[in-house]
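**Q** Once you've had a glance at the structure underneath, I'll fire off some questions.
In my numbering, the protein residues as written are 13 to 167.
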């Protein structure tokens, strides 16, 4: 049907792979006329990782037509840090939306803030530590897409 769009709400556990019915995806709007998917951030239910960061998986094979990468929003509360880890297969990009932090990649450390894009090569240990007065919020893009089994904690 031309111009029809479909909306589904409620993203269940993002670590469980699900095949959407037809072209519809949880928490997304699909416009058949132009083949566009738009995921509403507020409909993506956050989950908490082992190190306490809050993650909203925005686009990945679990909730969209995307197959070779993933996009998530991460939030660290004041004083919080991720555990040092690496991804054997995935390279990653962090893009800082708000807040300030200290990024460590390998042995190098640097202060980061809004507008900074950080390249994290596959296999490289990394950690981000919150260092500010407001939440640290950043986007995480992984290619290939994020998978829980592609995380190795080192610290």
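We put the CB at the ideal spot given by N, CA and C, even for glycine.
Taking the straight line between their C-alpha atoms, what separation do you get for residue 58 and residue 65?
**A** So the alpha carbons of these two residues sit roughly 10 angstroms apart.
**Q** Identify every run of the alpha helix (DSSP H) within the stretch 74-100, keeping only runs that are complete inside it and at least 4 residues long; order them along the chain.
**A** Listed in chain order, nothing qualifies, since the stretch 74-100 has no complete alpha helix (DSSP H) run of 4 or more residues.
**Q** So what's residue 53 in DSSP terms, helix, strand or just coil?
**A** Three-state DSSP puts residue 53 in a helix.
**Q** Beta carbon of residue 80, beta carbon of residue 156: below 7 angstroms?
**A** Yes. Within cutoff.
**Q** Hey, would you say residue 112 sits closer than 7 angstroms to residue 92, going by beta carbons?
**A** No, the pair does not count as a contact, with Cβ atoms beyond the cut-off.
**Q** Flag this pair as yes or no: are the beta carbons of residue 52 and residue 70 separated by less than 7 angstroms?
**A** Not a contact, by the Cβ cut-off of 7 angstroms.
**Q** When you compare the CB positions of residue 154 and residue 104, do they come within less than 7 angstroms of one another, or not?
**A** Yes, they are a contact pair.
**Q** Which residue marks the beginning of the beta strand (DSSP E) containing residue 139, and which one marks its end?
**A** Looking at the DSSP string, the run of the beta strand (DSSP E) that includes residue 139 is 138-142.
**Q** According to the Cβ coordinates, are residue 86 and residue 152 closer than 7 angstroms?
**A** Yes, they are a contact pair.
**Q** With residue 106 as the anchor, note down where its beta strand (DSSP E) starts and where it stops.
**A** Unbroken beta strand (DSSP E) run through residue 106: 103-110.
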